[in-house]
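Chemist: Sequential numbering of the sequence shown, starting at 3, is according to my numbering. Backbone N, C-alpha and C define an ideal beta-carbon position, used for all residues, glycine too. This one's a predicted model, so the numbers in the text were calculated from it and none came from an experiment.
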Amino acid sequence: MQKLRTVIVDDEPLAREFLRLLLASFDDVEVVAECSNGKEAVATTLELRPQLLFLDIQMPEMDGFEFAKKLYETKGFEQIPLIFLTAKDSEEDRFNGLQSGAVAYITKPANISLLKA
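Given below as structure tokens:
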């Protein structure tokens with residue numbers, strides 16, 4: 003069985019660890035990298051070509067919306083599913099996240115039942 007190659011992008015180490023542990027319960031998901039900011043995530047995504055990205059919105063250097071815009075403007079990367087995972091639950095961020103191409107918007111701490119949906 004081929005696993006879904008996944009990258010976690012969050013500036014908070016504990017949030018990355020928590021999500022990695024949640025994703026470890028899925029046999030078909032493999033976390034191939036973790037990044038602490040958007041700029042690092044761009045380089046990692048271009049290099050590793052993941053099939054799924056979990057992305058925090060508020061990060062230093064490049065926020066999640068800027069990252070999504072840059073990713074989806076890059077030829078060959080327009081179809082990578084992106085899930086925003088954020089502590090801030092605002093209607094504006096939810097709207098902007100889904101408008102930017104994300105397939106989901108989940109408020110931290112993530113509930114494993116939301117990930118199975």
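From L6 to R51, what distance separates their C-alpha atoms?
Modeler: Roughly 11 Å between the two C-alpha positions.
Chemist: Quick check on D12: buried or exposed, where buried means 16 or more other Cβ atoms within 10 Å of its Cβ?
Modeler: It is buried - the Cβ of D12 has at least 16 other Cβ atoms within 10 Å.
Chemist: State buried or exposed for V105, treating a residue as buried only when at least 16 other CB atoms are found within 10 Å of its CB.
Modeler: Per the 10 Å Cβ criterion, exposed.
Chemist: Within the same chain, show all residues whose beta-carbon is closer than 6 Å to that of A119, passing over the 5 residues directly before and after it, in chain order.
Modeler: For A119, the predicted model reports a pLDDT of 49, less than 50, meaning its position is unreliable; a value from the coordinates is still stated below. Here the set comprises nothing.
Chemist: Secondary structure at E63, three-state DSSP: helix, strand or coil?
Modeler: In this structure, E63 counts as coil in the three-state DSSP scheme.
Chemist: Where are the alpha helix (DSSP H) runs, 4 residues long or more, that stay fully inside the stretch 17-79, in chain order?
Modeler: For the stretch 17-79, whole alpha helix (DSSP H) runs of length 4 or above, ordered along the chain, are 40-50, 66-74.
Chemist: Spatial neighbours of P62 within its chain, please: C-beta separation below 7 Å, excluding the five flanking residues on both sides.
Modeler: So the qualifying residues of the chain are D13, N39.
Chemist: Measure the Cβ-Cβ separation of K41 and Q60 and say whether it is below 8 Å.
Modeler: No. Outside cutoff.
Chemist: Can you give me the Cβ contacts of P83 inside the same chain, cut-off strictly under 6 Å, excluding the 5 residues immediately before and after it?
Modeler: Once the five neighbours on either side are set aside, the close Cβ partners of P83 are L54, V105.
Chemist: With a Cβ-Cβ cutoff of 8 Å, do L23 and I10 count as a contact?
Modeler: No. Outside cutoff.
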